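S.K.: First residue of the sequence shown? That's 163 in the numbering used here, and the numbers climb one at a time after it. After the structure tokens below, expect a handful of questions from me.
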Amino acid sequence: MNQDITETIRQVVKKAMVEESFVELEASGRHVHLSREAIDYLFGVGYQLTIAKELSQPGQFACKERITIKGPKGKFENVVILGPERKASQVEVSLTDAVVLGEKVPVRESGHIEGTPGITLIHKDRELKLDEGLIAAKRHIHVSPEDAEKLQVKNHEMVQVKVFGERSLIFDEVVIRISPNYRTFMHIDFDEANACGFKKGMVVKVIKKDCNQPSVDYNQIKQVSQPNQQVENEPEQNKTAAELNKKIITESDLQKIFLQKTYHVLIPENSIITPLAEDYIRKHKLEIQRHKEIKL
Ligand SMILES: [Zn+2]
163 MNQDITETIR QVVKKAMVEE SFVELEASGR HVHLSREAID YLFGVGYQLT
213 IAKELSQPGQ FACKERITIK GPKGKFENVV ILGPERKASQ VEVSLTDAVV
263 LGEKVPVRES GHIEGTPGIT LIHKDRELKL DEGLIAAKRH IHVSPEDAEK
313 LQVKNHEMVQ VKVFGERSLI FDEVVIRISP NYRTFMHIDF DEANACGFKK
363 GMVVKVIKKD CNQPSVDYNQ IKQVSQPNQQ VENEPEQNKT AAELNKKIIT
413 ESDLQKIFLQ KTYHVLIPEN SIITPLAEDY IRKHKLEIQR HKEIKL
């Protein structure tokens, strides 16, 4: 197929995907970002790294040059260098790699390297000992401002992300990073990729953690009095139960009720409770009662 048409179709599909809160997932292997000083020292003054492959983020590329990274217990050879050069050198590994290297590696956002362990970089006969810069990258989603609006997310917001398939799971604590220089992609490391059965081109669903999102119809929450269930000295909030007339009970439905200090919820007999909602019920010790008379 014509290259332009393929690209146009890709863009249209991606746009529709983002409107439904789906983003594409990518897995990053261990890699190194180098400062000008590090390149000068390891490869020679003024050396220019060779672009081998463009990455999904504009201006970012994998280099042809490879180096060795060495920790107190072990090392990895042939580690890819990602360009362009940065202000400070940074080495990103998985927590499994950290065990091999023999170093305790903190999970950090890229660029936040203060107080992190150092590591030795080796190229041929040159060895450069970094004082800091070894991190396991915090899982994140690069978002363009346009897509941020569609996803209704803010910069640095934490979201959850659902991965589908045989090893389906939900990643919590995924940080949103918005910039006009970004294309919308989620990034995880290889530990996370293996945990969720990652395959190239996989799409995942962004789930907002903010309980104040207008995803619940207030008309569906009805306060019903339950005076008979009140026990002496029981907290005031247990006086009432909320009736939730919905086919699918989501976490956000329950959050709304919980925020109204109601911990007893009546739901239709045949309602489905989502896994996230189940977690919420356990965590907040909500009492859920299925009601035969309320049938949808
Ligand atoms: Zn990234």
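Ideal Cβ placement from N, Cα and C applies to all residues, glycine included. The model shown is predicted, which means the values in this text are computed figures rather than measured ones.
Regarding H195 and ligand 1, is the C-beta to nearest heavy atom distance less than 7 Å?
M.R.: Incorrect: H195 has no Cβ contact closer than 7 Å to ligand 1.
S.K.: Report yes if the CB atom of I263 is closer than 8 Å to the CB atom of G236, and no otherwise.
M.R.: A small fix is needed here, since residue 263 is Leu in this sequence, not Ile. It is a contact, given that the beta carbons lie within the stated cut-off.
S.K.: Helix or strand or just coil, what does DSSP make of F223?
M.R.: strand
S.K.: With a CB to CB cut of under 7 Å and the five nearest residues on each side skipped, what residues in its chain are close to R192?
M.R.: F238, V241, E254, V255, S256 and D259
S.K.: Can you check whether the CB of V336 is closer than 8 Å to the CB of V321?
M.R.: yes
S.K.: Counting pairs of beta carbons, one from the segment 413–425 and one from the segment 435–443, are three or more of them closer than 8 Å?
M.R.: Short answer: they touch.
S.K.: What three-state label does DSSP hand F347 in the structure shown?
M.R.: strand
S.K.: Measuring only the C-alpha atoms, how far is Q314 from D202?
M.R.: 43 Å
S.K.: Does the Cβ of P126 have 16 or more other Cβ atoms within 10 Å, making it buried, or fewer, making it exposed?
M.R.: This structure cannot settle anything about residue 126, because the visible part of the chain is limited to 163 through 458.
S.K.: So, do the segment 272–285 and the segment 214–231 have three or more beta carbon pairs nearer to each other than 8 Å?
M.R.: yes
S.K.: What's the C-alpha gap between K370 and K215?
M.R.: 33 Å
S.K.: To the nearest angstrom, report how far apart A310 and K447 are at their CA atoms.
M.R.: 34 Å
S.K.: Hey, could you find the ends of the alpha helix (DSSP H) Q165 is sitting in?
M.R.: Per DSSP, Q165 belongs to the alpha helix (DSSP H) from Q165 to E181.
S.K.: How big is the Cα-Cα spacing for I332 and G208?
M.R.: Roughly 45 Å separates the two Cα atoms.
S.K.: Could you name the residues of the same chain whose beta carbon sits closer than 7 Å to that of A355, not counting the 5 residues immediately before and after it, in chain order?
M.R.: Closer than 7 Å at the Cβ level, and outside the excluded window around A355, lie A189.
S.K.: Can you say whether E398 is buried or exposed, counting buried as having 16 or more other CB atoms within 10 angstroms of its CB?
M.R.: Legend: pLDDT at E398 = 44, less than 50; position of this residue unreliable, value from coordinates given subsequently. That one is exposed.
S.K.: Taking the Cβ atom as the reference point for each residue, do V472 and S183 lie within a distance shorter than 8 Å?
M.R.: Because the chain in this structure spans residues 163 to 458, residue 472 falls outside the shown range and cannot be described.
S.K.: Compute the Euclidean distance between the alpha carbons of G295 and V323, then round it to the nearest angstrom.
M.R.: Answer to the nearest angstrom: the Cα atoms are 27 Å apart.
S.K.: Using C-beta distances below 7 Å, list every residue in its chain close to G327, excluding the 5 sequence neighbours before and after it, in chain order.
M.R.: Short of 7 Å from the beta carbon of G327, and not among the five residues preceding or following it, lie these beta carbons of its own chain, in chain order: G359.
S.K.: Find out if the Cβ-Cβ distance for the pair L406, I429 is shorter than 8 Å.
M.R.: yes
S.K.: Spatial neighbours of T170 within its chain, please: C-beta separation below 8 Å, excluding the five flanking residues on both sides.
M.R.: none
S.K.: Can you tell me where the alpha helix (DSSP H) with R301 in it begins and where it stops?
M.R.: R301 -> no alpha helix (DSSP H), and no H or E assigned at all.
S.K.: Whole angstroms are fine: how far does the CA of K291 sit from the CA of V180?
M.R.: 43 Å
S.K.: Apart from the five residues just before and just after I167, which ones in its own chain have a Cβ nearer than 6 Å to its Cβ?
M.R.: Cβ within range, chain order: n/a, list empty.
S.K.: Between R248 and H195, which are expected to be in contact by the criterion C-beta below 8 Å, what is the C-beta distance as a whole number of angstroms?
M.R.: 5 Å
S.K.: What did DSSP end up calling A404 once you bin it into helix, strand or coil?
M.R.: strand
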